[in-house]
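Only one structure is covered here, and it is reproduced in the block below.
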């Protein structure tokens with residue numbers, strides 16, 4: 285176990301480019317000085333290859349990277365893109381991840397099992 289606990293950050297980024305850049309900067313600011321493990325997750329409204337996400341990919345692990353093949357989360361009835369994420373700090377072990385075929389909202393759920 286980790287004595288400091290786990291920090292969890294959740295966000296829903298907007299569609300505006302400037303807002304997305306500001307949101308990424310804020311997440312990096314909030315996670316930069318964290319001492320223990322953390323999870324950052326949410327609907328980021330950006331595809332993995334979006335340039336604006338590069339700083340997050342540079343310092344965090346995308347839990348979806350352990351999936352046998354890429355899965356999409358939006359829209360839930362016919363998923364064609366990945367805009368939902370669960371990131372962890374680099375030292376956290378990702379045991380498994382999935383985006384099950386469940387329609388409960390306009391996005392499919394994103395699951396990740398991690399080990400601290």
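Numbering (this note's numbering), first residue to last: 285 to 400. Quick reminder that beta carbons are idealized off the backbone N, C-alpha and C, glycines included.
Could you compute how far the alpha carbon of residue i sits from the alpha carbon of residue j?
i	j	result
residue 357	residue 332	12 Å
residue 347	residue 378	6 Å
residue 303	residue 376	28 Å
residue 350	residue 383	12 Å
residue 290	residue 370	14 Å
residue 387	residue 365	15 Å
residue 389	residue 334	24 Å
residue 399	residue 372	10 Å
residue 314	residue 299	21 Å
residue 321	residue 294	15 Å
Since residue i and residue j are thought to touch, with beta carbons under 8 Å apart, how far apart are those beta carbons, to the nearest angstrom?
i	j	result
residue 330	residue 336	6 Å
residue 394	residue 361	Their Cβ separation, rounded to whole angstroms, is 16 Å, which puts residue 394 and residue 361 out of contact at 8 Å.
residue 311	residue 324	6 Å
Which residues in the same chain have their Cβ closer than 6 Å to the Cβ of residue i, if we skip the five residues on either side of it in sequence?
i	result
residue 380	397
Determine the closest residue to residue i out of the options, with distance taken between C-alpha atoms.
i	options	result
residue 392	327, 372 and 352	327
Note down, one range per segment and in chain order, each alpha helix (DSSP H) of at least 4 residues found wholly within the stretch 308-354.
Restricting attention to alpha helix (DSSP H) runs no shorter than 4 residues, the stretch 308-354 encloses them at 338-343, ordered along the chain.
What are the complete alpha helix (DSSP H) segments, minimum 4 residues, inside the stretch 366-397?
As far as the stretch 366-397 is concerned, it has no whole alpha helix (DSSP H) run of at least 4 residues.
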